[in-house]
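Asker:
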Amino acid sequence: MDTRPPQDSKRFPRFLLDGEVVEARDATATTTLLQYLRGPLGRCGTKEGCAEGDCGACTVVVGEARDGGMRYRAVNSCIRFVPTLDGKEVVTVESLRAADGTLHPVQQAMVEAHASQCGFCTPGFVMSLFALWLERDRVKREEAVEAITGNLCRCTGYRPIIEAAMRMHALGPSAHWPRGPDNAGRRRAALPADAAGVSLPGFHAPRTLDALADAYAGAPESLLLAGGTDVGLWVTKQLRDLPPILYLGDVAELDRIDERGSVLEIGAAVSLTDASRCWPSSPPASAPRRCATRARCAATSPTGLPSAIPCRC
Ligand SMILES: Cc1cc2nc3c(=O)[nH]c(=O)nc-3n(C[C@H](O)[C@H](O)[C@H](O)COP(=O)(O)OP(=O)(O)OC[C@H]3O[C@@H](n4cnc5c(N)ncnc54)[C@H](O)[C@@H]3O)c2cc1C
Ligand code: FES
Ligand code: FES
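Residue numbers (this note's numbering): 42 to 354.
1. If you follow the beta strand (DSSP E) that T334 is part of, which residue opens it and which one closes it?
2. Ligand 3: which residues have Cβ under 7 Å from any of its heavy atoms, chain order?
3. Thinking C-alpha only, which one of L253, D127, V134 is nearest D59?
4. Buried or exposed, going by whether 16 or more other CB atoms sit within 10 Å of the CB of G198?
5. Opposite A310 in the DSSP bridges: which residues?
6. Since T73 sits in a beta bridge, which residues does DSSP pair it with?
7. Whose C-alpha, out of R66, M111, L264, C194, is nearest the C-alpha of R281?
8. Check the C-beta distance from V102 over to R114 and give it rounded, since I have them as a contact under 8 Å.
9. Check I202 in the structure and name its three-state DSSP category.
10. Round the Cβ separation of L212 and P146 to the nearest angstrom and send it over; I've been treating them as touching at under 8 Å.
11. With distances taken between CB atoms, is the gap from A364 to G268 smaller than 9 Å?
12. Consult DSSP for A246 and reduce its assignment to one of helix, strand or coil.
13. Helix, strand or coil for F166? Go by DSSP, reduced to three states.
14. Under 9 Å, do Y257 and P124 count as touching if we go by C-beta distance?
15. Please classify V131 as buried or exposed, where buried requires at least 16 other C-beta atoms within 10 Å of its C-beta.
16. State the Cα-Cα distance for the pair F171 and I298, rounded to the nearest angstrom.
17. Leaving out the 5 sequence neighbours to the left and right, which residues in its chain are closer than 8 Å to H210 when beta-carbon positions are compared?
18. Kindly indicate which three-state DSSP category N192 falls into: helix, strand or coil?
19. Beta-carbon within less than 6 Å of N117's beta-carbon, same chain only, minus the 5 sequence neighbours each way: which residues are those?
20. Cβ of R112 within 8 Å of any heavy atom in ligand 4?
21. Compute the minimum distance between the beta carbon of N117 and the heavy atoms of ligand 1, and state whether it is under 8 Å.
22. Taking G243 as the reference, which of F122, L193, L250, H217 has the closest Cα?
23. Per DSSP, what kind of secondary structure is R52 in: helix, strand or coil?
24. Near L266, which residues of its chain fall below 8 Å by C-beta distance, leaving aside the five closest residues on each side in sequence?
25. Is D271 a contact residue of ligand 2, with contact defined as CB to any heavy atom under 8 Å?
Next up, the structure:
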């Protein structure tokens with residue numbers, strides 16, 4: 042049975058931004074989040090440097106429902122297509138400051154550590170550190186270094202930025218961004234939830250494995266999209282027109298790791314970051330050294346492990 046919706050049936054992507062649901066009616070299949078933020082949403086705090094996932098100037102944080110709460114990760118908005126954000130929360134550098142102007146502890150720590158000069162890279166660093174701030178109660182030096190791997194700064198140097206990372210939790214909680222299960226529960230409840238997956242011209246996001254199989258059988262010329270850390274660059278750097286996209290990221294059965302005896306079954310939508318957390322003792326030799334934190338958070342295992350290109354970061 043062909044479960045694809047009829048051609049004229051659209052379901053626009055919807056995501057949460059500062060407590061409001063944004064329906065991205067004007068985004069196409071390959072509009073990047075960075076383009077959407079800086080264009081229709083007028084959020085120019087997020088910067089464009091390389092447009093290929095290498096510099097971190099465009100870093101934002103994306104939250105999604107996970108394990109009964111929310112999981113937040115820093116992502117490169119320059120190579121992330123808007124329709125892949127459906128049902129998620131987007132946090133930009135503008136989201137951090139309170140209405141009365143009080144800086145977030147991450148921002149305040151950057152100020153106090155003199156961690157910014159020209160400032161072009163700063164929003165990206167702030168957002169990478171914000172993801173770390175959400176995840177930890179205190180930060181060791183190596184965790185700070187790991188979190189900002191992939192954020193480039195040409196003028197300040199990294200020492201004060203690492204110092205800011207190690208001091209940010211000491212500045213106390215944020216009334217504007219409380220942490221903990223209550224807040225996660227509130228945010229999770231506010232996420233847009235639609236029964237049907239996104240469907241736009243050139244983009245279809247099935248929700249089940251059967252629906253994916255049917256859609257692929259009906260349109261075998263489709264491009265499977267996983268983390269988009271290759272495909273994103275085909276658009277931003279090679280200016281390619283893509284075939285219709287079938288997105289794997291919303292297929293729940295593919296975002297799972299199952300342990301069966303001595304065998305780990307890693308779904309095709311599982312990120313390298315998640316996969317690497319379940320490797321028992323001897324991960325594939327190429328894995329820990331592969332790519333920057335944010336590329337690992339997005340890139341998936343089936344595409345990543347076999348290719349094993351040495352890290353270029
Ligand atoms: C900053 C940065 C650093 C990087 N560093 C490295 C590095 O050090 N080493 C390295 O090897 N690569 C690196 N890459 C490249 C990229 O991250 C990897 O190739 C990654 O494995 C791509 O995974 P993805 O899920 O993002 O794939 P996508 O971009 O979504 O897809 C890539 C290709 O795989 C196909 N595909 C996706 N899922 C499936 C599936 N389940 N079945 C069949 N085909 C599928 C797609 O159709 C497409 O042709 C880097 C990229 C960036 C942006
Ligand atoms: S603009 Fe450089 S990583 Fe996105
Ligand atoms: S402060 Fe200028 S690039 Fe980092």
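Glycine included, each C-beta is placed from N, C-alpha and C at the ideal position.
Answerer: Reading it off the structure:
1. Walking along the sequence shown from the start, residue 334 turns up at place 293. Where T334 is concerned, there is no enclosing beta strand (DSSP E), although the alpha helix (DSSP H) it sits in stretches over 334-339.
2. Cβ atoms closer than 7 Å to ligand 3 belong to S157, Q158, C159, G160, F161, C162, T163, C194, R195, C196, T197.
3. Translated into positions along the sequence shown, residue 59 becomes position 18. Minimum Cα distance to D59 is reached at V134.
4. Translated into the one-based positions of the sequence shown, residue 198 becomes position 157. G198 is exposed by the Cβ-count criterion.
5. Locating residue 310 in the sequence shown gives position 269, where the first residue counts as 1. Partner(s): none; A310 has no beta bridge.
6. Indexing the sequence shown from 1 puts residue 73 at position 32. Per DSSP, the beta-bridge partners of T73 are F122.
7. For this step, residue 281 is matched to residue 240 along the sequence shown. Closest by alpha carbon: L264.
8. Numbered from 1 along the sequence shown, position 61 holds the residue referred to as residue 102. Numbered from 1 along the sequence shown, position 73 holds the residue referred to as residue 114. That pair is a contact at about 7 Å.
9. Position 161 of the sequence shown, counted from the start, is the residue given in the question as residue 202. In this structure, I202 counts as helix in the three-state DSSP scheme.
10. Working through the sequence shown from its first residue, we reach residue 212 at position 171. Working through the sequence shown from its first residue, we reach residue 146 at position 105. Right, the Cβ-Cβ distance comes to about 4 Å (below 8 Å), so this counts as a contact.
11. Lying before the first or after the last residue shown, residue 364 is absent from the chain, which here runs from 42 to 354.
12. In the sequence shown, residue 246 corresponds to position 205, counting from 1. In the three-state reduction of the DSSP assignment, A246 falls in the coil class, being assigned neither a helical nor a strand state.
13. By one-based count along the sequence shown, residue 166 stands at place 125. If DSSP states are grouped into helix, strand and coil, F166 belongs with the helices.
14. Within the sequence shown, residue 257 is the residue found at index 216, counting from 1. Within the sequence shown, residue 124 is the residue found at index 83, counting from 1. For Y257 and P124, no; Cβs fall outside 9 Å.
15. For the purposes of this step, residue 131 is taken as residue 90 along the sequence shown, with counting starting at 1. Buried is the call here.
16. Here residue 171 is taken as the residue at index 130 of the sequence shown, counted from 1. Here residue 298 is taken as the residue at index 257 of the sequence shown, counted from 1. Cα to Cα, F171 sits roughly 27 Å from I298.
17. Stepping through the sequence shown from its first residue, residue 210 is reached at position 169. Counting only Cβ-Cβ distances below 8 Å, and skipping sequence neighbours, we find P146, W174, R177, D178, R179, V180.
18. Translated into positions along the sequence shown, residue 192 becomes position 151. Of the three classes helix, strand and coil, the one that applies to N192 here is coil, per DSSP.
19. Translated into positions along the sequence shown, residue 117 becomes position 76. Once the five neighbours on either side are set aside, the close Cβ partners of N117 are G94, C99, R335.
20. Ligand 4 is absent from the structure shown, which contains only ligand 1, ligand 2 and ligand 3.
21. Here residue 117 refers to the residue found at position 76 when the sequence shown is read from its first residue. Distance from the C-beta of N117 to the nearest heavy atom of ligand 1 is below 8 Å.
22. Along the sequence shown, one-based indexing puts residue 243 at 202. Of the listed residues, the one whose Cα sits closest to G243 is F122.
23. Translated into the one-based positions of the sequence shown, residue 52 becomes position 11. Reduced to three states, the DSSP call for R52 is strand.
24. Here residue 266 refers to the residue found at position 225 of the sequence shown. So the qualifying residues of the chain are F122, T125, V272, I286, L287, Y288, L289, G290.
25. Residue mapping note: residue 271 aligns to position 230 of the sequence shown, counting from 1. Not under cutoff, so the answer is no.
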